[in-house]
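What follows is a set of notes on a single structure, which appears directly below.
Structure representation (structure tokens):
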């Protein structure tokens, strides 16, 4: 509203102030001029009375006195002369009311008879009966005689003069008020116009428009205020941009973290999270069978208790949490606002892989220890038998020496395979890719295992679909893969069974499938067949004719992966197992 604005308040203040001053000044002026006009009227009457009294004193010619009196008096006044012999003469007047007044009544009310032989003047105002106005009269004695002079006039003349003066004063006051109003609005508008622009600029700042500037129209305090406002806007823009950049940088860092981060207020409200933390919360709600409403930013009760422990203990809390088969480690640290704890930040790290790798490390040590213990025990036992001359005949000694030789070969093969596997997993596997003619390459491998299959009364079948004669891979490494897969198939297939090898090569990839009718792999063991030292035989018993290290499939997978290929397995217990591998056709690996 106008009255609540600075323009209205300033204009009204100026107007009221000037109006009050004009009101007081008008009262004083009216009072002053009223007294002034009365005094002037009395002074005029007194001068007329004095002149007439002097004529009466100095002249004896009555007609001359009358004529001179008519000339010196005002036309609106009337003169009464009381001669010493008791005669009364009254002058003419233009005022009808004065003509109608009884001269005796005037003489009685003027107390002129008390002035005999006294040099005294009487000034007074008397009311006229049955008239709205009174008269003002001045009575003076004639020196050295009993004569007296009365000069009087109607108060209407004075009132008329006062009325005209009042009109002039009030008119001037009205003009002053009008001019003051115009000046007040002009001044207030000129003063408040920059303030209004500053207000609009302030609203623009609240909307984020930091480039808004206030024009500097003057060089006074308001101009300096506009300069300070523009400087404030520039500084605010600079600091806001700095805060925004810092916030975006911090947000990018938090969002790029692999660990989950949750910022919490003191009452358990979630302020900010990143994607891993959101995944943690989703798993939490799913695990605890809780419904998460849209926009719910409250912490679950279990985590809220941890938050209270952090706030009350003023120290960080470490907690390990299991969710959906994964292991999370949470560290919750208090956030301070000077000495007051305003909340906490919780960092969750998924330790599942670390726990798995730790378990694999322990299993690896146990497996290697187990695999090395058997050949070392046999080497130690049979060598002691030779040293102690337990074997008496040369044949027995040769038999013991043969066993020691086979176990040493097995130990050497185990060590070499461990070294190869470690090199592969460390990324040090070097492939010698060459152009290989698939048909003779596969036939050679088939002939290599044909005799072994016949010895174990197993039917080894080779099927080929060679639409593209050449493929690109490392022939030695791929032969190691073929050897491992076919040897495993033969070892785990009973007499009368079969091993089928299917090879397909086209312009896209080399596809190999090795199927056997052996004992198969239990379903729960299928995800682990390519791990080191995996053996479906949990008791780790060995076929006395064929002994393995449990590293073959792991080595095969690393070789295939190094060729940018993939290997998979399908199996059913007592039905058979099928290994499939695919090597993409590429001249550069």
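In UniProt numbering, the protein residues as written are 1 to 589. Built from N, CA and C at the ideal position, the CB exists for glycine as well.
- Message: Please state whether the Cβ-Cβ distance between residue 233 and residue 210 is less than 7 Å.
- Response: In contact: residue 233 and residue 210 (Cβ atoms closer than 7 Å).
- Message: Quick check on this structure: which residue in 315, 446 and 51 has the alpha carbon closest to the alpha carbon of residue 150?
- Response: Ranking the options by Cα distance to residue 150, first place goes to 51.
- Measure the C-alpha to C-alpha separation of residue 388 and residue 397 and round it to an integer number of angstroms. Spanning the two alpha carbons is a distance of roughly 11 Å.
- Query: Nearest-angstrom Cα distance between residue 546 and residue 493?
  - Reply: Only weak support exists for where residue 546 lies, its pLDDT of 45 falling under 50; the value from the coordinates is given anyway. For residue 546 and residue 493, the distance between alpha carbons rounds to 12 Å.
- Query: The beta strand (DSSP E) spanning residue 346 covers which residue range?
  - Reply: Per DSSP, residue 346 belongs to the beta strand (DSSP E) from 340 to 350.
- Query: Which class does residue 323 belong to by DSSP, given the choice of helix, strand or coil?
  - Reply: If DSSP states are grouped into helix, strand and coil, residue 323 belongs with the strands.
- Task: Return the residue from the list 241, 212 and 193 that minimises the CA-CA distance to residue 223.
- Result: The alpha carbon of residue 223 has as its nearest neighbour, out of 241, 212 and 193, the alpha carbon of 193.
- Can you name the start and end residues of the alpha helix (DSSP H) that residue 137 belongs to? Residue 137 -> not in any alpha helix (DSSP H); beta strand (DSSP E) instead, spanning 134 to 141.
- Query: Roughly how many angstroms separate the alpha carbons of residue 348 and residue 529, rounded to a whole number?
  - Reply: Cα atoms of residue 348 and residue 529: separation of roughly 32 Å, rounded to the nearest angstrom.
- Task: Check whether the Cβ atoms of residue 322 and residue 299 sit closer than 7 Å, and answer yes or no.
- Result: Not a contact, by the Cβ cut-off of 7 Å.
- Limits of the alpha helix (DSSP H) - the one that residue 557 falls within: Counting along the chain, the alpha helix (DSSP H) containing residue 557 begins and ends at 552 to 562.
- Query: Where does residue 545 sit, in a helix, a strand or coil, going by DSSP?
  - Reply: For residue 545, the predicted structure reports a pLDDT of 44, less than 50, and the residue's modelled location is therefore unreliable. A value from the coordinates is still provided. Correct three-state label for residue 545: coil.
- Through-space distance from residue 279 to residue 271, alpha-carbon basis: So the alpha carbons of these two residues sit roughly 16 Å apart.
- Message: Could you give the first and the last residue of the continuous alpha helix (DSSP H) run that contains residue 440?
- Response: Taken as a continuous stretch (DSSP letters only), the alpha helix (DSSP H) holding residue 440 covers 438 to 455.
- Query: Roughly how many angstroms lie between the CA atoms of residue 329 and residue 289, to the nearest whole one?
  - Reply: A direct Cα-to-Cα measurement between residue 329 and residue 289 gives close to 21 Å.
- Look at the alpha carbon of residue 306 and the alpha carbon of residue 208, and state the distance between them as a whole number of angstroms. Approximately 39 Å, taken between the alpha carbons.
- Message: Among 191, 199 and 124, whose alpha-carbon lies nearest the alpha-carbon of residue 219?
- Response: When only C-alpha atoms are compared, the closest one is 191.
- Message: When you compare the region 163 to 176 with the region 28 to 40, are there three or more beta-carbon pairs, one atom per stretch, that lie closer than 8 Å?
- Response: As far as the Cβ criterion goes, the region 163 to 176 touches the region 28 to 40, which means the pair count is three or higher.
- Message: Does residue 267 come out as helix, strand or coil in the three-state DSSP assignment?
- Response: Of the three classes helix, strand and coil, the one that applies to residue 267 here is coil, per DSSP.
- Query: residue 496: which of 518, 231 and 338 sits nearest, CA to CA?
  - Reply: Among 518, 231 and 338, the Cα nearest to that of residue 496 is on 518.
- Task: Buried or exposed for residue 505, please, with buried defined as at least 16 other CB atoms from any protein chain shown within 10 angstroms of its CB.
- Result: Buried: at least 16 other Cβ atoms inside 10 Å.
- Message: In this structure, how does DSSP classify residue 573 when only helix, strand and coil are distinguished?
- Response: In the structure shown, residue 573 adopts coil according to DSSP, grouped into three states.
- Task: Return the chain-ordered list of same chain residues with a C-beta closer than 8 Å to the C-beta of residue 484, the five sequence neighbours on each side being excluded.
- Result: Contacts found: 552, 553, 555 and 556.
- Item | For residue 73, the three-state DSSP class (helix, strand or coil) | DSSP, read as helix, strand or coil, puts residue 73 in coil.
- Query: Tell me the DSSP bridge mates of residue 375?
  - Reply: Residue pairing by DSSP places residue 375 opposite no residue, since no beta bridge is assigned to it.
- Message: Along the chain, where does the beta strand (DSSP E) containing residue 565 start, and where does it finish?
- Response: Where residue 565 is concerned, there is no enclosing beta strand (DSSP E), given that its DSSP letter is neither H nor E.
- Message: Rounding to the nearest angstrom, what Cα-Cα distance links residue 20 and residue 99 in this structure?
- Response: Straight-line spacing of the CA atoms in residue 20 and residue 99 works out to 45 Å.
- Message: Pull the bridge partners of residue 434 from the DSSP assignment, please.
- Response: Answer is 473, bridged to residue 434.
- Item | Run of the alpha helix (DSSP H) containing residue 286, from where it starts to where it stops | Unbroken alpha helix (DSSP H) run through residue 286: 275 to 287.
- Message: Below 8 Å, how does it come out for the region 53 to 62 and the region 90 to 97: are there three or more Cβ pairs, yes or no?
- Response: No: the two stretches stay apart, fewer than three of their Cβ pairs being nearer than 8 Å.
- Does the separation of the CB atoms of residue 520 and residue 567 fall below 7 Å? Cβ atoms of residue 520 and residue 567: not closer than 7 Å.
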